[in-house]
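Note sheet for the following structure.
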Amino acid sequence: MIKYDLIIVGAGSAGMTCAIAAAEKGKKILVVEKSERIGGTLHWTAGQMSAGGTRRQKARGIVDSPAQHYADVMRICENTAQPDLVQLATQLAPKTLDWLEDLGFPFAENTPTIVHGHEPYSIPRTVWGEDPLNAGVTTQRTGIHIYNCLLPLWEKYIAAGNIELFLNIKMTRLLVQNRSINGIRTKIGAFFAQKVVLTTGGYASNPAFFAKMTPKMTRLLSSAAPTSTGDGIFAAQNMGAKFKGSGYHLSTLGGIELEPQSGRADFGSAWALVSNVIVRKPREIYVNEQAKRFMDENEPSVDARERIVMKQPNQRFWVIFDEKSLSEGASLIPQWTAERIRTEAKAEKCIWKATTIAGLAKKIGLDATVLKETVDQFNKSVLQQKDNDWGRTYLEHSVTTAPFYALLTYAYSLISFGGLAVNRNLQVLDNQGNVIKGLYAAGEILGAAATSGNAFCGGMLLTPALSFGRYLGETINT
Ligand SMILES: Cc1cc2nc3c(=O)[nH]c(=O)nc-3n(C[C@H](O)[C@H](O)[C@H](O)COP(=O)(O)OP(=O)(O)OC[C@H]3O[C@@H](n4cnc5c(N)ncnc54)[C@H](O)[C@@H]3O)c2cc1C
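Counting the sequence shown from 1 gives a position; this note's numbering is that position plus 1.
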């Protein structure tokens, strides 16, 4: 009855590395993937990975270590991540990146670097793949480079018969015998193995579950892979697994809902650079549903910015700017030129344009009198070079040259924070803290909070997903 050493559910970042590592050990593996292609979120992710003590760092004279990486993560998340998992992740991370380098990973020239899109590390340790648009932030889905590095190994082990792959087959539940997980159920039947590894990803494309687990968010605006629907979490919960970490949810800033009410923001196509004042200084003001400013738009802490926006009604705000600001300097939307922004404003889906501030307010449904007062007050602050309202010190641009624009942006979700509780061996735990025998998990199914706590620590989802998958493939005893 038991045909496989290992069943891996989900062929994304963690599932692919897990299968490859187990195949390298000579194991016989079944990989079940519900979509029509392998790769999962590798087709979507910005692909930023972080590690302390890599060959690439050493070659550039950067002194770093897993211990320093660990300390930085715990500093940024104020000790809210799971210490043993962060320790494991930071220990494995340099090996993962050196391995990718051996596989020919095309590092972006300027990496490792300190990334300012999240609360910054103290040492340059973040890398990603080449990105033609790169301007200090990843603006493309560079995770595809990781996929391309893994593919030859994947194909080698498929050809050798170590990995058997079922595409378009969804695991619907886990199977148990003698109180140990020993298989999975799918629409084409049941499959059995000595051990089962869940690498099905997160749930940031499941609005109902997200709403239940994240009541502080009014709605889910998602830029996650559409396959991230939490399937593995539900299957494990049916076996008594513990779920934790969703209370730590933090959203990313700058989500643009290109199609109103779609619930989707496509990070790969367009996002607003409103989180990071190191890469781009704000030439605009931000207003909430009351048509009022609510922060210093030049606030340097990404973490502080994210938390301020999450407190705004419906976690959204409009970026208000004028024609002069649009025509000068780096674009507010890195993927779009000023001309593209002008064109999109004609469609009036996410950007609006008007010759007066009152006209603009009418178009976006805000109180015209209040918006006019807000803009006038800000323009006065620029003239006086003093912002009495929010203490903004960067006051180079007023909002005075018609036409005027409003871009609607949301706090949006690329990832999910909650996930399955596991021990340091990545064995899934039940609500009493006991190991569920035979069941392992890696990747975003553990939740961002496991390795990043209540904050965004650069690269601390993708790197652990790749590392933990590989670690399980190497260490699982079958
Ligand atoms: C736009 C974006 C940008 C990001 N940028 C970064 C970044 O720069 N740095 C970082 O650290 N993290 C980033 N992340 C997060 C990170 O990329 C992911 O957390 C990670 O890739 C998830 O890997 P995974 O293997 O857990 O899941 P996935 O790669 O999503 O793989 C899960 C696989 O399981 C399959 N599956 C699901 N359910 C079933 C089922 N029932 N049966 C069979 N198969 C199933 C899915 O189809 C999928 O192929 C980003 C995410 C997004 C969306």
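Note that CB positions come from ideal geometry on N, CA and C, so glycine has one too.
Restricted to the stretch 205 to 270, the alpha helix (DSSP H) segments that are unbroken, complete and at least 4 residues in length are 208 to 214 and 232 to 238, listed in chain order. When DSSP reads this structure, L408 sits in a beta bridge with V320 and I352. Every unbroken stretch of the beta strand (DSSP E) spanning 3 or more residues and falling wholly within the stretch 267 to 337 is given here in chain order: 286 to 288 and 317 to 323. Straight-line spacing of the CA atoms in L7 and P153 works out to 21 Å.
The three-state secondary structure of M172, taken from DSSP, is strand. Going by DSSP, T370 is part of the alpha helix (DSSP H) stretching over A369 to Q385.
Contact between the stretch 55 to 72 and the stretch 92 to 102 is established, with three or more Cβ pairs separated by less than 8 Å. Boundaries of the beta strand (DSSP E) around V198: G190 to L199.
Secondary structure note for Q88: its alpha helix (DSSP H) is the uninterrupted segment P84 to D103. Sixteen is the threshold: since fewer than 16 other Cβ atoms of the shown chains lie within 10 Å of the Cβ of N478, the residue is exposed. In the structure shown, E131 falls within a coil segment according to DSSP collapsed to helix, strand and coil. In summary, S123 is exposed, with fewer than 16 beta-carbon neighbours lying within 10 Å of its beta-carbon over all protein chains present. Using a 10 angstroms sphere on the CB of I437, the tally of other CB atoms reaches 16 or more, which defines it as buried. Annotated three-state conformation of I8 is strand, per DSSP. E165 carries a strand assignment under DSSP once its states are collapsed to helix, strand and coil. In this structure, the straight-line span from the alpha carbon of E307 to that of V128 is close to 23 Å. Spatial neighbours of A22 in its own chain (CB-CB distance under 6 Å, excluding positions within 5 residues in sequence) are listed in chain order as R471, G474 and E475. Taken from the Cβ of E445, at least one heavy atom of ligand 1 lies inside 7 Å. Counting only residues of its own chain and dropping the five nearest sequence neighbours on each side, S51 has a CB closer than 6 Å to the CB of R126, T127, G459, G460 and T464. In the structure shown, the three-state DSSP call for S66 is coil. One alpha carbon belongs to A451, the other to L86, and they sit about 7 Å apart. In the three-state reduction of the DSSP assignment, A442 falls in the strand class, which pools E and B.
Across the structure, A369 and I342 are spaced so that their CA atoms are roughly 23 Å apart. In this structure, I416 has its CB closer than 7 Å to one or more heavy atoms of ligand 1. Per DSSP, reduced to three states, the secondary structure at I30 is strand. Cβ atoms of T219 and N315 come within 8 Å of each other, at about 5 Å. In the structure shown, N183 adopts extended strand secondary structure according to DSSP, grouped into three states.
Assigned with DSSP and collapsed to three states, G420 falls in strand. When DSSP reads this structure, D431 sits in a beta bridge with A242. With respect to the C-alpha of G256, the residue from G269, R180 and E345 having the closest C-alpha is G269.
The straight-line gap separating the alpha-carbon atoms of A109 and L101 is approximately 13 Å. For E475, the uninterrupted alpha helix (DSSP H) run begins and ends at L463 to T476, by DSSP. In this structure, the beta-carbon distance from G444 to G13 falls below 8 Å. Non-local beta-carbon contacts of S328 in its own chain, meaning distances under 7 Å to residues more than five positions away in sequence, involve A339 in chain order.
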